[in-house]
Amino acid sequence: MARKVVLSNGEAIVYDRLLLCLGASSRQLTCTGAELPGVHYLRTMADVPKIQAALKPGARAVIIGGGYIGLETAATARKMGCLVTVLEMADRVMNRVVASNVSEYFAYEHRNHGVHIICNTRVVRLEGTTQVERVVCADGSSYEADLLVVGVGAVANMQLAADAGVKCDNGILVDEYCRTSDPDIFAAGDCTNHPSRHYEMRVRLESVDNAFEQAKTAALNMLDKPTVHDRVPWFWSDQFDNKLLIVGLAQGHDQQVTRGDPALRSFTVCYLKGGELVAVEAINHSKDYMAARKLIAERARPNLDKLADPQIALKDAV
Amino acid sequence: MPRIVFLQPDGLTREIEAPAGITLMEAARLNHVAGVVAQCGGACACATCHVYIDPAWLGKLAPLEDMEEGMLETAWEPKANSRLSCQVTITAQLDGLAVSVPQRQGGG
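Chains U and P, in that order, give the protein sequences.
According to the numbering used here, the residues represented by the first sequence are 1 to 318, in order.
According to the numbering used here, the residues represented by the second sequence are 1 to 108, in order.
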């Protein structure tokens, strides 16, 4: 093997061991008009000033995608005085990442603040002459837009690895030591597809905690200090004055318990698999969230009656 | 500018200056104070910027809100003078504030 990194200026750097921290990119729209000015993506700090400049009071902001990025942007745009419409393809917002009562709660919060949320709709083209003016959907409906923000997911940056012959499949494939199919090449963060011992499956995570911790683990392994990467992932999202805190992965759960009442603006959804707590979504409830981080890592098996009783602290529900 | 004294987990004392208006976490990160991790960047979502405030100064800080209190409950070794440094804004009245950083960060 050459063990050499070639830069755009032609310079070459020889390595003994290489770490790929390539991140992820926003999934791009491919429909007609996708290249028009006024179509924004939110991925890095550099994207922010462009969007900020367009969020003028009274501006019509259309957001494509009702996931984290779409809804957080919608809330911010609304707070800045824009007229905001969110177009979501699925039948509810954040459908991939939260329970249906959590989706309902957030949709209600957004509508209460004046955000228009339209589900079950598919964008087919963008129209405009010098910049985007209109979004047209499959059912023929259309929405006038002064700016567009697209939040339709992320894809792992893996081309560089694939070109080097490193095995990739929805991310750069690494083992639990962060090592790729090339024993001298390691990878960490959003670009990886890695095994989780805790959940006994492969995962690709878009998560700051995973990026931090996997990078540290990769560094240790590169220094021949064998260390396994096995974290219970966690995520958060701020929308208006709501904080959504998520820990764990709910895939494959066979039971779901809601603690508390969404009408009181603070509740928690717990997921169990074979009696074991595997994931928690806490809405404006940091105590349940922090307790869940501990319980899930310990593979706790909560008492279902206690779990369903919001008067009993989650940490005491075992 | 207000001066802040941090006692790091390694036992070293770091005296820094920070402008009023930024948070204690930002001041610590800008000055590379050891032990303040702040993974979530100041969103009150991770409990990795946990610090102990010198009790003499506690009363001069804005009070704990529910979200921060809940985060601290299962942070690493919480005490009565625990705060998340991302939720403490530096003001002129905090000139001389003394803070110590725990040996570890995070819950779970």
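For each residue, glycine too, the CB sits at the ideal point set by N, CA and C.
If I measure Cβ to Cβ from residue i and keep anything under 6 Å in the same chain, skipping five residues before and after, which residues do I get?
{"i": "U/L205", "result": "P233"}
{"i": "P/G108", "result": "Any reading at P/G108 must be qualified, since the residue scores a pLDDT of 45, below 50, and its modelled position is unreliable; the value itself is stated next. If we look at P/G108 and ignore the five residues flanking it on each side, it has no Cβ neighbours."}
{"i": "U/A322", "result": "No information on residue 322 of chain U is available, as it lies outside the stretch 1 to 318 that chain U covers here."}
{"i": "P/N31", "result": "I16"}
{"i": "U/A61", "result": "A77, C82, V84 and L147"}
{"i": "U/I13", "result": "V5"}
{"i": "U/V318", "result": "A300 and P302"}
{"i": "U/S358", "result": "Any question about residue 358 of chain U goes unanswered here, given that chain U covers just 1 to 318."}
List the residues of chain B whose Cβ lies closer than 9 Å to the Cβ of residue i, in chain order.
{"i": "U/K287", "result": "Within the model displayed, chain B is absent; protein chains U and P are what it includes."}
In terms of alpha-carbon separation, which member of the options lies closest to residue i?
{"i": "U/G66", "options": "U/E144, U/A90, U/R259 and U/T258", "result": "U/A90"}
{"i": "P/E68", "options": "U/D209, U/M290 and U/I312", "result": "U/M290"}
{"i": "U/I283", "options": "U/I312, U/I69, U/D175 and U/F235", "result": "U/F235"}
{"i": "U/A279", "options": "U/E298, U/L264, U/T268 and U/G248", "result": "U/G248"}
{"i": "P/V99", "options": "P/N31, P/W57, P/A62 and P/I22", "result": "P/W57"}
{"i": "U/D241", "options": "U/I69, U/F106, U/Q255 and U/V39", "result": "U/F106"}
{"i": "P/A20", "options": "P/G59, P/C49, P/L30 and P/P2", "result": "P/P2"}
{"i": "U/C191", "options": "U/G10, U/A59 and U/A24", "result": "U/A24"}
{"i": "U/D288", "options": "P/C86, P/T74 and P/V101", "result": "P/T74"}
{"i": "P/P102", "options": "P/A18, P/I53, P/C46 and P/E26", "result": "P/I53"}
{"i": "U/R78", "options": "U/V48, U/D47, U/N112 and U/M45", "result": "U/N112"}
{"i": "U/T324", "options": "U/Y108, U/S142, U/P310 and U/D47", "result": "Residue 324 of chain U is absent from the model: chain U starts at 1 and stops at 318."}
{"i": "P/I90", "options": "P/G35, P/A27 and P/A34", "result": "P/A27"}
{"i": "P/V37", "options": "P/G70, P/L94 and P/S85", "result": "P/S85"}
{"i": "U/S100", "options": "U/Q256, U/E276, U/V123 and U/E298", "result": "U/Q256"}
Identify whether residue i lies in helix, strand or coil by the three-state DSSP scheme.
{"i": "U/V62", "result": "strand"}
{"i": "U/Y144", "result": "It is worth fixing the name first, because residue 144 of chain U is Glu in this sequence and not Tyr. U/E144: strand per DSSP, three-state reduction."}
{"i": "U/Y41", "result": "strand"}
{"i": "U/R299", "result": "coil"}
{"i": "P/G108", "result": "At P/G108 the pLDDT is 45, less than 50, meaning the model places this residue with poor confidence; the figure from the coordinates comes in the next sentence. Of the three classes helix, strand and coil, the one that applies to P/G108 here is coil, per DSSP."}
{"i": "U/L277", "result": "strand"}
{"i": "P/C46", "result": "coil"}
{"i": "U/E72", "result": "helix"}
{"i": "U/S103", "result": "helix"}
{"i": "U/P195", "result": "strand"}
{"i": "U/K4", "result": "strand"}
{"i": "U/H110", "result": "helix"}
{"i": "P/R29", "result": "helix"}
{"i": "U/E11", "result": "coil"}
{"i": "U/A34", "result": "coil"}
{"i": "U/T217", "result": "helix"}
{"i": "U/S181", "result": "coil"}
{"i": "U/M201", "result": "strand"}
{"i": "U/I51", "result": "helix"}
{"i": "P/V37", "result": "coil"}
{"i": "U/R92", "result": "coil"}
{"i": "P/R14", "result": "strand"}
{"i": "U/A115", "result": "It should be pointed out that residue 115 of chain U corresponds to Val in this sequence rather than to Ala. Note: U/V115 maps to coil in three-state DSSP."}
{"i": "U/R78", "result": "helix"}
Considering only the beta carbon of each residue, do residue i and residue j sit closer than 8 Å?
{"i": "U/S196", "j": "U/L245", "result": "no"}
{"i": "U/D230", "j": "U/E281", "result": "no"}
{"i": "P/S122", "j": "P/L97", "result": "With chain P covering 1 to 108 only, the question about residue 122 of chain P has no answer from this structure."}
{"i": "U/E174", "j": "U/H198", "result": "Residue 174 of chain U is actually Val in this sequence, not Glu. No. Outside cutoff."}
{"i": "U/N221", "j": "U/C270", "result": "no"}
{"i": "U/N157", "j": "U/L22", "result": "yes"}
{"i": "U/V93", "j": "U/I69", "result": "no"}
{"i": "U/P57", "j": "U/G38", "result": "no"}
{"i": "U/A154", "j": "U/S8", "result": "no"}
{"i": "U/I185", "j": "U/V203", "result": "no"}
{"i": "U/V149", "j": "U/L42", "result": "yes"}
Who are residue i's beta bridge partners in DSSP?
{"i": "U/F267", "result": "U/G260 and U/I283"}
{"i": "U/Q251", "result": "U/Q251 pairs with nothing; no bridge assigned."}
{"i": "U/D163", "result": "BP columns for U/D163 are empty, so no partner."}
{"i": "U/W236", "result": "U/L245"}
{"i": "U/A187", "result": "U/L20"}
{"i": "P/L84", "result": "P/H50"}
{"i": "P/R3", "result": "P/E17"}
{"i": "U/L83", "result": "U/R60"}
Near residue i, what residues of its chain come up, given a Cβ to Cβ distance below 7 Å and the 5 sequence neighbours on each side ignored?
{"i": "U/R125", "result": "C31, T32, G33 and V136"}
{"i": "U/A74", "result": "I63, V84, V86, H110 and V115"}
{"i": "P/V88", "result": "T23, L24 and L61"}
{"i": "U/C168", "result": "M158, A161 and A162"}
{"i": "P/Q39", "result": "C46 and T48"}
{"i": "P/Q93", "result": "K60"}
{"i": "U/G252", "result": "K273"}
{"i": "U/E127", "result": "G33, E133, R134 and V136"}
{"i": "P/D95", "result": "P2 and R3"}
What residues in its chain sit with their C-beta under 8 Å from that of residue i, if we drop five residues either side in the sequence?
{"i": "P/T13", "result": "V5, F6 and L7"}
{"i": "U/R293", "result": "V232, W234 and V247"}
{"i": "U/Q131", "result": "L36, P37 and G38"}
{"i": "U/I312", "result": "K306"}
{"i": "U/G260", "result": "S266, F267, T268, H285 and P310"}
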